[in-house]
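Read through the structure below, which is laid out as C-alpha cells, and then see the notes.
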Amino acid sequence: MNATAKQPKLLKKHDTAFQVEWKDGHVSWYPYTYLRQMCPCAECAIIRHKGRDVHSLFAPQGDGDITLIEVSDDIQPLDVQLVGRYALQFSWNDGHATGIYPFEVLRETCPCPECAPPDQKSPIQTEENN
Ligand SMILES: [Zn+2]
Ligand SMILES: [Zn+2]
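In C-alpha cells:
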C-alpha cells in the first residue's frame, strides 16, 4: 500500500457510521460500534487482549478481541478532531475520548470485504446476498 492510500480526501459523520474517502479513491465506512471497539488507546487495547500474551499488544491495531469492549447500540461521536495531519480523535457519548486513530490504522482496519483479511469475517453485512 502506498502513502497516498493512507491520506484521507474526505471525512464525514453519518448517523451510524463514519465515512472516509481516501486519496486513492477507496471509500471506507466505519460503523460507530466497530470504531469504538477498535479504539487504539492503551486502556482499550488491554481490554481487547485480556488473557493473551502481552506481546500481542504490539500486534497491528485492531488486533485482539473487539467484542470484549462493551458498547451500547446508540454509540455516537460527540466530536471528531483532527490530530495534526495524521490522526483523528473521537470523543464518544459514553465519555471515552482518549483514542487517537491514525489514518494509517484506520486504513488498515477498513471493515469492507475488499480490505478484510480472508480469514476474518467482516463486521459489515452486505445486503446483496439476501
Ligand atoms: Zn480507548
Ligand atoms: Zn476497504
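Quick note on my numbering: the sequence shown kicks off at 2 and runs consecutively. For glycine and all other residues, C-beta sits at the position ideal for the given N, C-alpha and C.
Among the options, nearest to residue i - alpha-carbon criterion
{"i": "Q77", "options": "T99, H15, K7", "result": "H15"}
{"i": "I70", "options": "I47, V84, K7", "result": "I47"}
{"i": "L107", "options": "P114, K24, Y31, D25", "result": "Y31"}
{"i": "T68", "options": "S29, R37, K7, T17", "result": "R37"}
{"i": "G52", "options": "C40, D66, G100", "result": "D66"}
Cβ-Cβ distance between residue i and residue j below 8 Å
{"i": "I103", "j": "A88", "result": "The sequence shown places Pro at residue 103, not Ile. Yes; because the gap between Cβ atoms is below 8 Å, this pair is in contact."}
{"i": "K10", "j": "K24", "result": "yes"}
{"i": "A93", "j": "L79", "result": "First, the amino acid is wrong: residue 93 is Trp here, not Ala. Contact: yes."}
Beta-ladder partner(s) of residue i, from DSSP
{"i": "F91", "result": "V81"}
{"i": "L107", "result": "For L107, which the question treats as bridged, DSSP gives no partner whatsoever."}
In chain order, which continuous runs of the alpha helix (DSSP H) of length 4 or greater are located wholly inside the segment 14-75?
List check, alpha helix (DSSP H) in window: 33-38, 43-49.
With ligand 1 as the reference, list in chain order each residue whose Cβ lies under 6 Å from any of its heavy atoms.
C40, C42, E44, C45, H97, T99, G100
Could you please go through the chain and list the residues whose beta-carbon is closer than 7 Å to any non-hydrogen atom of ligand 2?
Here the residues come out as H27, S29, C111, C113, E115, C116.
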